[in-house]
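**Q**
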Amino acid sequence: CCLALYAALLLVGRFLLHRQLTSELLAMMLWLSGELCALLVLYEEGSVSPKKCRLLIALFALSFVVGVACYFLYARLSAPATERCGFVPIFCYGAVVLVFLLLQVF
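53 is the number of the first residue of the sequence shown in this note's numbering; add one for each residue after it.
1) Hey, could you find the ends of the alpha helix (DSSP H) Gly138 is sitting in?
2) Indicate, with yes or no, if the ligand ATP has a heavy atom lying under 7 Å from the CB of Leu125.
3) For Leu125, I'd like the list of residues in its chain whose CB is within less than 8 Å of its CB, leaving aside the five on either flank, ordered along the chain.
4) Assuming Cys122 and Val140 are in contact, meaning their beta carbons sit under 8 Å apart, how far apart are those beta carbons, in whole angstroms?
5) Quick check on the DSSP output: the alpha helix (DSSP H) that includes Ala166 runs from which residue to which?
6) Put Cys100 into one of helix, strand or coil per three-state DSSP.
7) Buried or exposed for Leu68, going by 16 or more other Cβ atoms inside 10 Å?
8) Does the beta-carbon distance from Leu108 to Phe152 come in below 8 Å?
Structural data, given as C-alpha cells:
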C-alpha cells in the first residue's frame, strides 16, 4: 500500500509538478510506514484501543499530507519561505509522535 502511494507521488511529482526528486519523499514514506507498523503491533496486542487507533491513523495521515504538500511547494518558494516550509513537516511529525507516546502513557 505504501509502496503504491510512493510510486504515485513519485510520478506526480516528477512528471506533473516537475519536482526534482530527493530522498525526502522516501523518508516521509518510511516514517509513515514505520508509525503504522508500530501502531498495528500495539493494536493487535491490545495496548491501543480502537478509538485511539483511529485517532492516530487520522493524525498520521494528516501530518503526511502536510509533509507532502510542503515537499511539493518547497521548490516553488523563495529562500526565506523555504526555511519555514522545511520546518513544518518536521514539527507535524514530532507533534504526532508526541501524541502517540502520550496516548501510551495515559
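Note that CB positions come from ideal geometry on N, CA and C, so glycine has one too.
**A** Here's the rundown:
1) Ala131 to Val157
2) As far as ligands go, the structure on display features none, and thus does not contain the ligand ATP.
3) Cys137
4) 5 Å
5) Outside the displayed span of the chain (53 to 158) sits residue 166, for which this structure offers no information.
6) Contrary to the premise, residue 100 reads as Val rather than Cys in this sequence. Coil at Val100, not helix or strand.
7) exposed
8) yes
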